[in-house]
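The next block holds one structure in the form of structure tokens; read it before the comments.
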Amino acid sequence: MSDFHIRASTPDDAVGVAAVHWTTRRAAFGELLPPEHWEAETLGTRTEGWMRILAAGNKALVAEVGDKIVGFAMKNPSGPHLGHAPARAVELHELYVDPNFHGTNVGHALLENALPPGTPAQLWTFASNPRGRKFFQRAGFLPDGVTATDPDTHVLEVRLVR
2 MSDFHIRAST PDDAVGVAAV HWTTRRAAFG ELLPPEHWEA ETLGTRTEGW MRILAAGNKA
62 LVAEVGDKIV GFAMKNPSGP HLGHAPARAV ELHELYVDPN FHGTNVGHAL LENALPPGTP
122 AQLWTFASNP RGRKFFQRAG FLPDGVTATD PDTHVLEVRL VR
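For the sequence shown, my numbering assigns the number 2 to the initial residue and increments by one for each residue that follows.
What follows is the structure, given as structure tokens:
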């Protein structure tokens with residue numbers, strides 16, 4: 002197990018969070034999403050986005066090994082998603098862990114810190130994300146039968162709830 006710690010994000014974490022977000026999405030969904038998606042979603046655009054998000058006062062939890070961010074999680078109040086009303090009041094909006102730290106308990110610790118075990122919540126993930134779906138199933142998140150196709154990626158998403 003890696004020696005990591007979890008803390009609340011600051012605006013100064015935008016570059017590290019963006020690097021984990023972009024790297025992990027490329028590793029997990031690189032072949033699933035079309036090349037033109039990756040032409041638009043660059044590390045630079047992710048970094049700019051996270052700079053805006055964190056500068057606006059939004060908070061994420063970050064996992065660090067030394068001074069390097071290796072994962073992050075963010076929860077928000079739930080809202081409508083692609084025409085579907087929320088099933089729970091809280092949504093896990095983001096949870097990404099650098100692929101080099103998969104299997105080190107970083108993801109589990111981020112999830113438990115963001116949403117303690119048993120906390121009713123929902124999340125959306127790609128239907129074709131078996132690793133993520135298995136991870137969330139172990140934490141009690143199950144499909145509730147609601148799906149939607151993301152208009153930007155044209156990929157089917159599934160809602161998981163607990």
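We treat Cβ as the ideally placed atom computed from N, Cα and C, and that holds for glycine.
As the structure is a computational prediction, the values presented were derived from the model and not from experiment.
Practice problem: May I ask you to report which of helix, strand or coil DSSP gives P144? | Solution: Taking the first residue of the sequence shown as position 1, residue 144 is located at position 143. If DSSP states are grouped into helix, strand and coil, P144 belongs with the strands.
Exercise. Could you check which residue in L161, T120 and N106 has the C-alpha nearest to that of E65?
Key: As a working mapping, residue 65 is identified with position 64 in the sequence shown. Measuring from the Cα of E65, the nearest candidate turns out to be N106.
Practice problem: Note down the Cα distance separating D145 from W125, rounded to an integer number of angstroms. | Solution: The sequence position of residue 145 within the sequence shown is 144, counting from 1. The sequence position of residue 125 within the sequence shown is 124, counting from 1. Approximately 11 angstroms, taken between the alpha carbons.
Exercise. Report the option in R134, S129, R139 and R163 whose CA atom is closest to the CA atom of L157.
Key: In the sequence shown, counting from the first residue as 1, residue 157 sits at position 156. Ranking R134, S129, R139 and R163 by Cα distance to L157 puts S129 first.
Self-check item: Beta-carbon contacts of G84 that lie in its chain and below 8 angstroms, excluding the five residues immediately before and after
Solution: Taking the first residue of the sequence shown as position 1, residue 84 is located at position 83. These residues qualify, in order along the chain: A149.
Self-check item: Through-space distance from L62 to L111, alpha-carbon basis
Solution: One-based indexing of the sequence shown puts residue 111 at position 110. One-based indexing of the sequence shown puts residue 62 at position 61. Roughly 7 angstroms between the two C-alpha positions.
Quiz item: Under the rule that 16 or more other beta-carbon atoms within 10 Å means buried, what is G104, buried or exposed?
Solution: Locating residue 104 in the sequence shown gives position 103, where the first residue counts as 1. So G104 counts as exposed.
Quiz prompt | Alpha carbon of A15 to alpha carbon of L143, nearest angstrom | solution = Position 14 of the sequence shown, counted from the first residue, corresponds to residue 15. Position 142 of the sequence shown, counted from the first residue, corresponds to residue 143. Distance between the alpha carbons of A15 and L143: 31 angstroms.
Quiz item: With G80 and L96 assumed to form a contact (beta carbons below 8 angstroms), what rounded beta-carbon distance in angstroms separates them?
Solution: By 1-based counting over the sequence shown, the position of residue 80 is 79. By 1-based counting over the sequence shown, the position of residue 96 is 95. Not a contact, Cβ separation roughly 18 angstroms.
Quiz item: How long is the line joining the alpha carbons of A20 and A86, rounded to whole angstroms?
Solution: Sequence index remark: in the sequence shown, residue 20 carries index 19 (1-based). Sequence index remark: in the sequence shown, residue 86 carries index 85 (1-based). Straight-line Cα distance between these residues: approximately 31 angstroms.
Quiz item: Under 7 angstroms, do F137 and L161 count as touching if we go by C-beta distance?
Solution: Sequence index remark: in the sequence shown, residue 137 carries index 136 (1-based). Sequence index remark: in the sequence shown, residue 161 carries index 160 (1-based). Contact flag set, yes.
Practice problem: May I ask which residues mark the beginning and end of the alpha helix (DSSP H) holding R47? | Solution: Mapped onto the sequence shown, residue 47 falls at position 46. From DSSP, the alpha helix (DSSP H) with R47 extends over L44 to A56.
Quiz item: Alpha carbon to alpha carbon, what distance is there between N114 and A147?
Solution: Here residue 147 refers to the residue found at position 146 when the sequence shown is read from its first residue. Here residue 114 refers to the residue found at position 113 when the sequence shown is read from its first residue. As written in the sequence, residue 147 is Val, which differs from the Ala given in the question. Cα to Cα, the separation comes out at about 26 angstroms.
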